[in-house]
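*Asks:* Submitted below is the structure of interest, expressed as structure tokens.
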Amino acid sequence: MTTTETPSIFAPVSTPAFAIRDLSFFVLTITAVIFILVAGFAVYTLIRFGRRPAAPDIEPAQVYGSTQIELAWTVVPLLIVVVLFLVTARYVYRIERRAQPPDALEITVVGNQWWWEIRYPKFGIVTANELHVPVSEAARPTLTFITLQSVDVAHSFWVPQLSGKMDVIPNKTNRVWIEPQRVGTYVGQCAEYCGLQHALMLLKVVVHPRDEFLAWVASQQTAPALHEATRPGRELFSSLACINCHSVRGTPGNGVFGPDLTHVMSRSTLGAGAVRNTPENLRAWVKDPAAFKAGALMPAMKLDDAQLDQLVGYLATLR
Ligand SMILES: [Cu+2]
């Protein structure tokens, strides 16, 4: 398994993120030169023209107005701003206008308070909070185009090592694309305040070697196996309000208000990064989601211990 890296725009692994890093360095270099010049001049002036204790108390020569100097400090900054503007516009254009190749992977990501629904329309897969994509290799470039939608308020999709931020707006469809060139796990985060649990709306992108990705797709497409031992748990699940909010393929559950649970155990966290996905945490989550994520839009269902055991015994088979 690969390790998760620190999300930083200075550690890019995907084409648009490389461009953003290069542009940042360009802007930082220009502004650093300006800073050094201005600060250096200020310090020089302080030292060179500061009052000396021994000096007589006379006013130095005063200079009134200079067309040359005024022109210089107007035109030079103007030129610098124009250069920064043009270079930035070029990068934005290059990233935004990238045409979608016919073999690109298409994913739809839907912002919800406070989790991400993830759909692969061509594969018939619905999952949550963890995006799986193939790595792009020189021999076989693979781009992933992500359509962004929101069912409630404004969110923002941001995985710093893969692409820039993109707003996720109700009644509007936005798009980003990524071309990850290194296998690994990259973390992101909703980047637009969207209510109480905005901070617990994490996102993970797992970049796989191509065949590993195809194996993941195949496993997600398979309906979970039915175990006789967990039948009571499955029936309990189907008899409760869970099914109004959650889908599990092969059960009456077809709700979309909460994450699809068909393969919930294949995900590493519960509640969009709120807590690690272990059997104990799963039980505690179903008992009372607010214990991990205050205000989460899933109610505590007031189940007794026996019901919880049955239910979690069943959920734990959804891998
Ligand atoms: Cu948010």
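Just add 823 to wherever you are in the sequence shown, counting from 1, and you've got the numbering used here. No residue lacks a Cβ here, since even glycine has one placed at the ideal position from N, Cα and C.
Express the C-alpha separation of Leu1134 and Arg1057 in angstroms, rounding to a whole number.
*Replies:* Going by the C-alpha atoms only, they are around 7 angstroms apart.
*Asks:* Going by the CB atoms, is the gap between Val932 and Val974 shorter than 8 angstroms?
*Replies:* Going by C-beta atoms, Val974 is not nearer than 8 angstroms to Val932.
*Asks:* Would you grab the beta carbon distance between Gln1004 and Ser959 for me? Rounded to a whole angstrom, and I think it's under 8 angstroms.
*Replies:* Yes, they are in contact, since the Cβ atoms of Gln1004 and Ser959 sit about 5 angstroms apart, within 8 angstroms.
*Asks:* Check the C-beta distance from Leu971 over to Asn952 and give it rounded, since I have them as a contact under 8 angstroms.
*Replies:* Between Asn952 and Leu971 the Cβ distance is about 15 angstroms, and since that is not below 8 angstroms, they are no contact.
*Asks:* For Asn768, count the other beta carbons within 10 Å of its own beta carbon; 16 or more makes it buried, fewer makes it exposed. Which is it?
*Replies:* Lying before the first or after the last residue shown, residue 768 is absent from the chain, which here runs from 824 to 1142.
*Asks:* Taking the straight line between their C-alpha atoms, what separation do you get for Thr829 and Val1071?
*Replies:* Taking the straight line joining both Cα atoms gives about 33 angstroms.
*Asks:* Verify the contact flag: Met1024, CB atom, against every heavy atom of ligand 1, threshold strictly below 7 angstroms.
*Replies:* Because some heavy atom of ligand 1 lies under 7 angstroms away, the Cβ of Met1024 counts as near it: yes.
*Asks:* Using the three-state DSSP reduction, which class does Arg998 fall into: helix, strand or coil?
*Replies:* Correct three-state label for Arg998: strand.
*Asks:* Determine the extent of the beta strand (DSSP E) in which Ala1097 is found, giving its start and end residues.
*Replies:* From DSSP, Ala1097 is part of no beta strand (DSSP E); its letter is neither H nor E.
*Asks:* CA-CA distance, Glu882 and Ser889?
*Replies:* Using only the alpha carbons, I get a separation of about 20 angstroms.
*Asks:* Relative to ligand 3, is the shortest distance from any of its heavy atoms to the C-beta of His978 smaller than 7 angstroms?
*Replies:* This structure simply doesn't include ligand 3; it includes ligand 1 instead.
*Asks:* Using a Cβ-based criterion (distance less than 7 angstroms to any ligand heavy atom), does Glu940 qualify as near ligand 1?
*Replies:* Answer for Glu940: no, Cβ out of range of ligand 1.
*Asks:* Is Glu929 near ligand 1, going by C-beta to nearest heavy atom under 7 angstroms?
*Replies:* Outside the cutoff, so no.
*Asks:* With a floor of 4 residues, list each alpha helix (DSSP H) that falls wholly inside the stretch 1098-1129, ordered by position along the chain.
*Replies:* As far as the stretch 1098-1129 is concerned, its whole alpha helix (DSSP H) runs of at least 4 residues are 1102-1110.
*Asks:* My assumption, with CB atoms under 8 angstroms, is that Ala840 sits in contact with Ile832. Please give the rounded CB distance.
*Replies:* So it is a contact: roughly 7 angstroms between Cβ atoms.
*Asks:* Checking 8 angstroms against the spacing of the C-beta atoms, do Lys1116 and Leu1023 come in under that value?
*Replies:* Closer than 8 angstroms, so yes.
*Asks:* Taking 7 angstroms as the cut-off, does the CB of Glu1051 come closer than this to any heavy atom belonging to ligand 1?
*Replies:* Not under cutoff, so the answer is no.
*Asks:* Indicate whether Val1079 and Cys1017 have their beta-carbon atoms separated by less than 8 angstroms.
*Replies:* Contact flag unset, no.
*Asks:* Is Gly1081 helix, strand or coil by DSSP?
*Replies:* Three-state result, Gly1081: coil.
*Asks:* On the three-state DSSP scale, how would you describe Thr825?
*Replies:* Note that Thr825 scores a pLDDT of 49, beneath 50, so its modelled location is shaky and nothing firm can be said.
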